[in-house]
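**Student:** To convert, count from 1 in the sequence shown and add 10; that's this note's numbering.
Below you'll find the structure I mean.
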Amino acid sequence: MRRLLLAISAAFALHASAAERSRWLIDAGASQALFQVSLRVPVKAEGRFKSIKGEVEVLPELKRSVRVHLDARELAMGGPSWVQKATLSEQFLDAGRHSDIDFQSLPFSEQVLISGGAIKGTLTLKAISRPVLFKVLPSTCRRPGFTCPIEVSGILNRREFGMGAHRWSLRDEVRFRFALKFVQNE
């Protein structure tokens, strides 16, 4: 009987440690990443990244960590054509030389994905890394990220990332919005 209990305990520990190391890959086909600049004229300037990559790592003690990668060259801005050109230009995103946009979070409670809350981490944009805060909205379903998307947004000051040009037409605030769905990868 003691051997059976030890075997069950060992199997449970092995399963628990495997579950702790699992990852949820971002489902690029079911997720979206939006980018919005605030213009000084009444024109909507929101764009969508054609693809989004990344993962949520399941950590011990009911913690999670998220990594997101976007390619600035894949940003398609709506509105007038000059908005697209200005956004991707060397003076703004500099998509030609600095195409990588990366976010790596600090560990956060899995409860944030259900109840909403803040996720802190580091955003790298134009090869400049700064601490940022993203807000997660409360979930609308039982399995957030799988049966419904996780809604996330964040506002940053573009000048902190070396995007000081076009002050006559663009306000300092830029917004990222995400709707993330995952596939589990054990």
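Each residue gets a CB set at the ideal place from its N, CA and C atoms; glycine is no exception.
Here the structure is a predicted model, which means the values were calculated and not measured.
Going along the chain, which residues of its own chain have a beta-carbon closer than 8 Å to the beta-carbon of Val142, five neighbours each way excluded?
**Tutor:** Mapped onto the sequence shown, residue 142 falls at position 132. If we look at Val142 and ignore the five residues flanking it on each side, its Cβ neighbours are Phe113, Lys130, Gly131, Thr132, Leu133, Gly164, Leu166.
**Student:** Where do the ends of the beta strand (DSSP E) carrying Ala166 lie?
**Tutor:** On the sequence shown, residue 166 is found 156 positions in, with the first residue counted as 1. Here residue 166 turns out to be Leu, not Ala, going by the sequence shown. Unbroken beta strand (DSSP E) run through Leu166: 160-167.
**Student:** Can you pull the DSSP bridge partners for Ala189?
**Tutor:** Residue numbering aside, residue 189 sits at position 179 when the sequence shown is read from its first letter. Gln42, Glu161, per the DSSP bridge assignment.
**Student:** Please say whether Leu80 and Ala105 have beta carbons closer to each other than 8 Å?
**Tutor:** Position 95 of the sequence shown holds residue 105. Position 70 of the sequence shown holds residue 80. Result no, Cβ atoms of Ala105 and Leu80 do not sit closer than 8 Å.
**Student:** Contact defined as beta carbons within less than 8 Å: I believe Lys136 pairs with Met87. What is the distance between those atoms, to the nearest angstrom?
**Tutor:** Against the sequence shown, residue 136 aligns to sequence position 126. Against the sequence shown, residue 87 aligns to sequence position 77. Between Met87 and Lys136 the Cβ distance is about 17 Å, and since that is not below 8 Å, they are no contact.
**Student:** Considering Gln94, what are the terminal residues of the alpha helix (DSSP H) in which it resides?
**Tutor:** The residue you call residue 94 lines up with position 84 of the sequence shown. Counting along the chain, the alpha helix (DSSP H) containing Gln94 begins and ends at 91-98.
**Student:** Could you check if Gly82 is buried or exposed, using at least 16 other CB atoms within 10 Å of its CB as the buried criterion?
**Tutor:** Residue 82 sits at position 72 when you count from the first residue of the sequence shown. First, the amino acid is wrong: residue 82 is Ala here, not Gly. Buried is the call here.
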